[in-house]
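Student:
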Amino acid sequence: MSVILILQVLLYTVVVGLLGEGSTWYLVHRNDKFKEVKEQAARTTAQLDALKVSKKADKKTTQRQIQLMDKQLTQMRASVSGLQLRGTIVTAVITLIAFSQLSTLFGGQVIARLPFEPISFLKPMAHRGLPEAADPRECGALFIYIMGNMVFRHFATIAFPKEVVKGPSIWDQAMKMAEKMVD
Numbered sequence: 001m002s003v004i005l006i007l008q009v010l011l012y013t014v015v016v017g018l019l020g021e022g023s024t025w026y027l028v029h030r031n032d033k034f035k036e037v038k039e040q041a042a043r044t045t046a047q048l049d050a051l052k053v054s055k056k057a058d059k060k061t062t063q064r065q066i067q068l069m070d071k072q073l074t075q076m077r078a079s080v081s082g083l084q085l086r087g088t089i090v091t092a093v094i095t096l097i098a099f100s101q102l103s104t105l106f107g108g109q110v111i112a113r114l115p116f117e118p119i120s121f122l123k124p125m126a127h128r129g130l131p132e133a134a135d136p137r138e139c140g141a142l143f144i145y146i147m148g149n150m151v152f153r154h155f156a157t158i159a160f161p162k163e164v165v166k167g168p169s170i171w172d173q174a175m176k177m178a179e180k181m182v183d
């Protein structure tokens, strides 16, 4: 148990987090198709908002245009989801490799001693890779990695905001389907 081991695990967490975020940026957000869909979605959303507030919003043709634009936005969101899937898969593979390497590098070592006894559902995670007879307040590298990863992800979303394609949410789509069923 030393501060150096904790710092090594936290440095490992930051490196793996940067690798995951960097791969997502490289595979998704830097992609020309993603940028094109994002710009097209912004234009369509602006047109849709203009149609909804116009005085002609109650006419049938305007209602059809609104429905068509909603459908286009839904298709754009599906396209973006497909593009983001690549980044998600690569991040998952990086995380699996990181867990494996973490077990190899720090397996069986007590990394830190907690000032409290973890609650029952966190004990297995805190003791992962440690001998059974270990003190309940001792924790392994996996616990420090997961806690550090949660903190890193929070700050990464603030520092590197993700560009999302906005459109009708799933809730809005479900409400429209319910209205159609009632009518």
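Read in UniProt numbering, the sequence shown has 172 at position 172, and its numbers run on one by one without any break.
Yeah, the Cβ is synthetic: ideal placement off N, Cα and C, and Gly gets one too.
Computed from a prediction, not measured in an experiment: that's the story for all the values here.
Relative to the C-alpha of P22, which candidate in M177, T61, S103, K162 has its C-alpha closest?
Tutor: Locating residue 22 in the sequence shown gives position 22, where the first residue counts as 1. The amino acid at residue 22 is misidentified as Pro; the sequence shows Gly. Ranking M177, T61, S103, K162 by Cα distance to G22 puts K162 first.
Student: Measuring only the C-alpha atoms, how far is Q109 from T91?
Tutor: The residue you call residue 109 lines up with position 109 of the sequence shown. The residue you call residue 91 lines up with position 91 of the sequence shown. So the two alpha carbons sit approximately 27 Å from each other.
Student: Leaving out five residues on either side along the sequence, give the residues of the same chain with a beta carbon under 7 Å from the beta carbon of Q47.
Tutor: Position 47 of the sequence shown, counting from 1, holds the residue named residue 47. For Q47, where only same-chain residues beyond five positions count, the Cβ hits under 7 Å are M69.
Student: Find out if the Cβ-Cβ distance for the pair R137, L122 is shorter than 7 Å.
Tutor: The sequence position of residue 137 within the sequence shown is 137, counting from 1. The sequence position of residue 122 within the sequence shown is 122, counting from 1. No; because the gap between Cβ atoms is not below 7 Å, this pair is not in contact.
Student: Given L102, which residues of its chain have a CB within under 8 Å of its CB, disregarding the five upstream and five downstream residues?
Tutor: Translated into positions along the sequence shown, residue 102 becomes position 102. So the qualifying residues of the chain are V9, Y12, A141, L142, Y145.
Student: What's the C-alpha gap between R86 and F155?
Tutor: Taking the sequence shown and counting its residues from 1, one reaches residue 86 at position 86. Taking the sequence shown and counting its residues from 1, one reaches residue 155 at position 155. Rounded to the nearest angstrom, the two C-alpha atoms are 23 Å apart.
Student: Nearest to Q75 by alpha carbon, out of T45, G148, R128?
Tutor: Locating residue 75 in the sequence shown gives position 75, where the first residue counts as 1. Nearest option by C-alpha distance: T45.
Student: Taking only three categories from DSSP, how would you classify R137?
Tutor: Counting from 1 along the sequence shown, the entry for residue 137 is found at position 137. In the structure shown, R137 sits in coil (DSSP, three-state: anything other than H, G, I, E or B).
Student: With burial defined as no fewer than 16 other Cβ atoms inside 10 Å of the residue's Cβ, what is the status of A178: buried or exposed?
Tutor: Locating residue 178 in the sequence shown gives position 178, where the first residue counts as 1. A178 is classed as exposed because its beta carbon has fewer than 16 other beta carbons within 10 Å across all chains shown.
Student: If contacts are defined as beta-carbon pairs under 8 Å, then G107 and G129 qualify, I think. What distance do you get, rounded to the angstrom?
Tutor: The residue you call residue 107 lines up with position 107 of the sequence shown. The residue you call residue 129 lines up with position 129 of the sequence shown. G107 to G129, Cβ: 5 Å. Contact.
Student: Here's the rule: buried if 16 or more other CB atoms are within 10 angstroms of the residue's CB, otherwise exposed. What is I111?
Tutor: Position 111 of the sequence shown, counted from the first residue, corresponds to residue 111. Classification of I111: buried, given that the 10 Å Cβ count is 16 or more.
Student: With DSSP run on the structure shown, which of helix, strand or coil describes R113?
Tutor: On the sequence shown, position 113 is the one that residue 113 refers to. Three-state DSSP puts R113 in a strand.
Student: Can you say whether T24 is buried or exposed, counting buried as having 16 or more other CB atoms within 10 angstroms of its CB?
Tutor: For this step, residue 24 is matched to residue 24 along the sequence shown. With 16 or more other Cβ atoms within 10 Å, it is buried.
Student: In or out: V182 buried (at least 16 other Cβ within 10 Å) or exposed?
Tutor: To locate residue 182, count along the sequence shown from 1; it is residue 182. Answer is exposed; the Cβ neighbour count stays below 16.
Student: Determine whether the Cβ of L18 lies closer than 7 Å to any Cβ atom of chain D.
Tutor: Reference to chain D is not applicable here, since this structure consists of a single protein chain.
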